[in-house]
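K.L.:
Pasting in a structure now, in structure tokens, and then I'll have a few things to ask.
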Amino acid sequence: MTYEVRAVVARGKGEPVSVETILVPDPGPGEAVVDVEACGVCHTDLHYREGGIGTDYPYLLGHEAAGIVSAVGPGVTEVAPGDYVILNWRAVCGQCRACKRGRPWYCFDTANATGVMTLADGTPLSPALGIGAFAEKTLVAAGQCTKVDPAAPPQVAGLLGCGVMAGLGAALNTGNVSRGDSVAVIGCGGVGAAAVLGASLAGAAKIIAVDLDERKLVTAKGLGATDTVHAASGDVVAAIQALTGGFGADVVIDAVGRPETYTQSFYARDLAGTVVLVGVPTPEMSLELPLLHLFERGGALKSSWYGDCLPSRDFPMLIDLYLQGRLPLDAFVTETIGLAEVENAFTRMHHGDVLRSVVLF
Numbered sequence: 001m002t003y004e005v006r007a008v009v010a011r012g013k014g015e016p017v018s019v020e021t022i023l024v025p026d027p028g029p030g031e032a033v034v035d036v037e038a039c040g041v042c043h044t045d046l047h048y049r050e051g052g053i054g055t056d057y058p059y060l061l062g063h064e065a066a067g068i069v070s071a072v073g074p075g076v077t078e079v080a081p082g083d084y085v086i087l088n089w090r091a092v093c094g095q096c097r098a099c100k101r102g103r104p105w106y107c108f109d110t111a112n113a114t115g116v117m118t119l120a121d122g123t124p125l126s127p128a129l130g131i132g133a134f135a136e137k138t139l140v141a142a143g144q145c146t147k148v149d150p151a152a153p154p155q156v157a158g159l160l161g162c163g164v165m166a167g168l169g170a171a172l173n174t175g176n177v178s179r180g181d182s183v184a185v186i187g188c189g190g191v192g193a194a195a196v197l198g199a200s201l202a203g204a205a206k207i208i209a210v211d212l213d214e215r216k217l218v219t220a221k222g223l224g225a226t227d228t229v230h231a232a233s234g235d236v237v238a239a240i241q242a243l244t245g246g247f248g249a250d251v252v253i254d255a256v257g258r259p260e261t262y263t264q265s266f267y268a269r270d271l272a273g274t275v276v277l278v279g280v281p282t283p284e285m286s287l288e289l290p291l292l293h294l295f296e297r298g299g300a301l302k303s304s305w306y307g308d309c310l311p312s313r314d315f316p317m318l319i320d321l322y323l324q325g326r327l328p329l330d331a332f333v334t335e336t337i338g339l340a341e342v343e344n345a346f347t348r349m350h351h352g353d354v355l356r357s358v359v360l361f
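Residues in the sequence shown are numbered consecutively from 1, following the UniProt record's numbering.
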């Protein structure tokens, strides 16, 4: 059986997205079809539209989603029809060198569905991050479905599928923020705001939010930032040092991903401190630092992939914290929209008007 559903498609580089009819096949071995209930509008989707990730157009956009499993293929035991799931792009293989060493959050051979979703005329679609969830139904690998408590509304639960998890994990997993630490977060959009929240959950004593947009700094304060720095008001490194006794922060999280912000992060950390890069650079960017400074400052320079999360471990735990009132995920949902509003949501996101627009089905 093939399902005809509405979905958001990017047909070419820089072209406005369109809502089109697509064809979703029945799940094959190890696959599942999910009825999408909500999907966040993530900056990664805009990267796909702009050709910043690849050129395998047309793209089926959307990946930050929650929904209900409606069908599974042969051999699937992880989930069953009726399960409420968050979709993830780290379906661990269990067999690669990272998995065999007990580090599945670094899995180097994550699974995607092998079945192909197409346009109505049969043109194959490339699903964003192997998911493609700006669609009423989508086909994924069963391991991309993580069961969570259905008491959490989908517009909130789906955010853990990408941006919020990336920020929380940058602080909790990659940065290993501990009680009493000082933390600076440069860039306080959706991912950076989540990093602020993660640092707060970890018990950081001082959390410094840095951004050019005063609105984002206000939001960061509401999520646990103890101090804010407006990036246009002066020397960001000096400001962070002044707020940390002249030493710099124990952990600095770059949620922008530009050479300028990474350089600020590098020099704004304390000796033997940690830099975490979670903002995604574009291919043409490069970085130059004196090698002596890398040596004499010590510490760790880390990149955070998906917040170094393990969906099967982290998603249910974080949803439980939300349901206990300890993780304010609702604060990230600025607006809920329909499929036809995704293009406008990209514009609002680019202008910094929203933390997250979420498509509700």
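C-beta: ideal position from N, C-alpha, C; glycine also. Computed from a prediction, not measured in an experiment: that's the story for all the values here.
Going by C-alpha distance, which of 198, 237 and 242 is nearest residue 268?
P.N.:
Of the listed residues, the one whose Cα sits closest to residue 268 is 237.
K.L.:
For residue 316, report the span of its alpha helix (DSSP H) as first-last.
P.N.:
Residue 316 -> alpha helix (DSSP H) spans 311–323.
K.L.:
For residue 124, which three-state DSSP category applies?
P.N.:
Looking at residue 124 - three-state DSSP - the assignment turns out to be strand.
K.L.:
Shortest alpha-carbon distance to residue 14 belongs to which of 306, 118 and 346?
P.N.:
With distances taken between Cα atoms, residue 14 lies closest to 346.
K.L.:
Count Cβ pairs between the region 122–140 and the region 29–47 that sit closer than 8 Å; are there 3 or more?
P.N.:
The region 122–140, when compared against the region 29–47, does touch it at the 8 Å Cβ threshold.
K.L.:
In chain order, which continuous runs of the beta strand (DSSP E) of length 3 or greater are located wholly inside the region 215–275?
P.N.:
Counting whole runs of 3 or more residues, the region 215–275 contains the beta strand (DSSP E) stretches 227–230 and 249–254.
K.L.:
Can you give me the Cβ contacts of residue 301 inside the same chain, cut-off strictly under 7 Å, excluding the 5 residues immediately before and after it?
P.N.:
275, listed in sequence order.
K.L.:
Distance, Cα to Cα, residue 233 vs residue 170?
P.N.:
Roughly 26 Å between the two C-alpha positions.
K.L.:
Terminal residues of the continuous beta strand (DSSP E) containing residue 147?
P.N.:
Start and end: 145–147.
K.L.:
Nearest to residue 277 by CA position, among 186, 271, 50 and 336, is which residue?
P.N.:
Considering only alpha carbons, the answer is 186.
K.L.:
Considering only C-alpha positions, which residue in the set 167, 104, 253 and 63 is nearest to residue 140?
P.N.:
The shortest C-alpha separation from residue 140 is found at 63.
K.L.:
With H, G and I counted as helix, E and B as strand and the rest as coil, what does DSSP make of residue 139?
P.N.:
Residue state, collapsed to three classes: strand.
K.L.:
By alpha-carbon positions, which one of 31, 332, 306 and 264 ends up nearest to residue 142?
P.N.:
Checked all of 31, 332, 306 and 264; the closest Cα to residue 142 is 31.
K.L.:
Quick one: grab the DSSP three-state call for residue 368.
P.N.:
Nothing about residue 368 can be read from this structure; the chain reaches only from 1 to 361.
K.L.:
Indicate whether residue 166 and residue 48 have their beta-carbon atoms separated by less than 8 Å.
P.N.:
No. Outside cutoff.
K.L.:
Could you work out which residue in 109, 235, 246 and 121 is closest to residue 92 when comparing CA atoms only?
P.N.:
Of the listed residues, the one whose Cα sits closest to residue 92 is 109.
K.L.:
Three-state secondary structure (DSSP) at residue 162?
P.N.:
Reduced to three states, the DSSP call for residue 162 is coil.
K.L.:
Exposed or buried, residue 29, counting other C-beta atoms within 10 Å across all chains shown (16 or more means buried)?
P.N.:
With fewer than 16 other Cβ atoms within 10 Å, it is exposed.
K.L.:
Using DSSP with H/G/I as helix, E/B as strand and the rest coil, what is residue 32?
P.N.:
Here residue 32 sits in strand by DSSP.
K.L.:
Tell me which same chain residues have a C-beta within less than 6 Å of the C-beta of residue 340, skipping the five on either side of it?
P.N.:
Only 19 meet the Cβ criterion.
K.L.:
Classify residue 278 as helix, strand or coil using the three-state DSSP reduction.
P.N.:
Note: residue 278 maps to coil in three-state DSSP.
K.L.:
Would you say residue 190 and residue 361 are within 8 Å of each other, going by their C-beta atoms?
P.N.:
Result no, Cβ atoms of residue 190 and residue 361 do not sit closer than 8 Å.
K.L.:
Taking Cβ to Cβ, would you say residue 102 is nearer than 8 Å to residue 25?
P.N.:
Result no, Cβ atoms of residue 102 and residue 25 do not sit closer than 8 Å.
K.L.:
Can you tell me where the beta strand (DSSP E) holding residue 133 begins and where it ends?
P.N.:
Segment: none, residue 133 is in no beta strand (DSSP E) and carries neither H nor E.
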